[in-house]
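Enquirer:
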Amino acid sequence: MFIQTEATPNPETLKFFPGRVILSDGVAAEFHNAESAAGHSPLAAQLLTISGVSSVFFGNNFIAVSKNTGEWEHLKPAILGIIMDYLMSESSIVLAPKSDRDGTEEFFNSADKELVKRIKVLIEERVRPAVSRDGGDITFRGFENGIVYLNLRGACAGCPSSTATLKRGIENLLRHFIPEIQGVEAFQ
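Last residue of the sequence shown: number 217 in our numbering, and the count goes up by one each step with no gaps.
(1) Is it a yes or a no for the segment 178-189 touching the segment 156-166, going by three-plus beta-carbon pairs under 8 angstroms?
(2) Spatial neighbours of residue 188 within its chain, please: CB distance less than 7 angstroms, with the 5 preceding and 5 following residues excluded, ordered by chain position.
(3) Could you have a look at residue 84 and say whether DSSP puts it in helix, strand or coil?
(4) Which same chain residues end up closer than 8 angstroms to residue 124 when comparing Cβ atoms and leaving out the 5 residues on each side of it in sequence?
(5) Can you tell me which of the three DSSP states residue 170 falls into?
(6) When burial is assigned at 16 or more other CB atoms within 10 Å of the CB, is residue 180 buried or exposed?
(7) Using 7 angstroms as the threshold, is the C-beta distance between residue 73 and residue 66 below it?
(8) Within the same chain, show all residues whose beta-carbon is closer than 8 angstroms to that of residue 52, passing over the 5 residues directly before and after it, in chain order.
(9) Does DSSP put residue 55 in a helix, in a strand, or in coil?
(10) Can you look up residue 63 in the DSSP assignment and give me helix, strand or coil?
(11) Please return the same chain residues whose Cβ sits closer than 7 angstroms to the Cβ of residue 209, not counting the five positions on each side in sequence.
(12) Hey, could you find the ends of the alpha helix (DSSP H) residue 73 is sitting in?
(13) Use the C-beta contact count for residue 96: other C-beta atoms within 10 angstroms, 16 or more gives buried, fewer gives exposed.
(14) Distance check for residue 206 and residue 195, CA to CA, integer angstroms please.
(15) Between the alpha carbons of residue 130 and residue 213, how many angstroms are there, rounded?
(16) What distance in whole Å lies between the Cβ atoms of residue 85 and residue 60, which are believed to be in contact at a cut-off of 8 angstroms?
(17) Check whether the Cβ atoms of residue 43 and residue 94 lie closer than 7 angstroms to each other.
(18) Cutting at 6 angstroms between CB atoms, please list the residues of its own chain near residue 136, excluding the five before and the five after it.
(19) If you check the beta carbons only, do residue 109 and residue 199 fall under 7 angstroms apart?
(20) Residue 160 lies in the alpha helix (DSSP H); which residues open and close that run?
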């Protein structure tokens, strides 16, 4: 089995491409510690036991691993070994999906329902695919007083350029198509 790796705009995150589907298209899962992964993803739980690994994000055809300490040249062999062994076992990557919402419901005024529908379509069709190419994911969380709130995950979370991406890229795109939007903020 050959697993390709690719740098992301976030120097603390690498993408691993095992050459097979990881999760269904449009589905993503993220884990920040072995305890949160337990019962949901044995692969994520194993990767999170590596000293220095801070999160694991599963996309359609990739696994994005983020670190908080250590150098990639030391972490990469252990990560590759775990991914390779796990995928050779043909076990499921995610057993029981965690909620995409992490306990947070969307918020917006019911009078903005049609506007929110248009925002979500733009995010799904134009923004999410581009963010996925960089090893991350972005989801709609809310709309209030002209501000769109988005949740950044994977390589996007903690990326030095995520603010620029939100403000210059995503905000400009959404405002171009939906003039009622006054701004875009990361949902905390």
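Glycine is no exception: its CB is placed at the ideal position from the N, C-alpha and C atoms.
Expert: In brief:
(1) Touching, per the Cβ criterion.
(2) 38, 39
(3) strand
(4) 68, 69, 70, 71
(5) Under the three-state reduction of DSSP, residue 170 is assigned to strand.
(6) Residue 180 counts as buried, since no fewer than 16 other beta carbons sit within 10 angstroms of its beta carbon.
(7) A contact, by the Cβ cut-off of 7 angstroms.
(8) Here the set comprises 58, 87, 88, 89, 122, 123.
(9) When secondary structure is reduced to three states using DSSP, residue 55 falls in the coil class, being assigned neither helix nor strand.
(10) helix
(11) 144, 175
(12) 71-76
(13) buried
(14) Going by the C-alpha atoms only, they are around 15 angstroms apart.
(15) Per-residue confidence for residue 130 stands at a pLDDT of 47, beneath the threshold of 50, marking its modelled position as unreliable; no derived number is given.
(16) 5 angstroms
(17) yes
(18) Within the same chain, and ignoring the five residues on either side of residue 136 in sequence, the residues whose Cβ sits closer than 6 angstroms to its Cβ are 171.
(19) no
(20) 157-162
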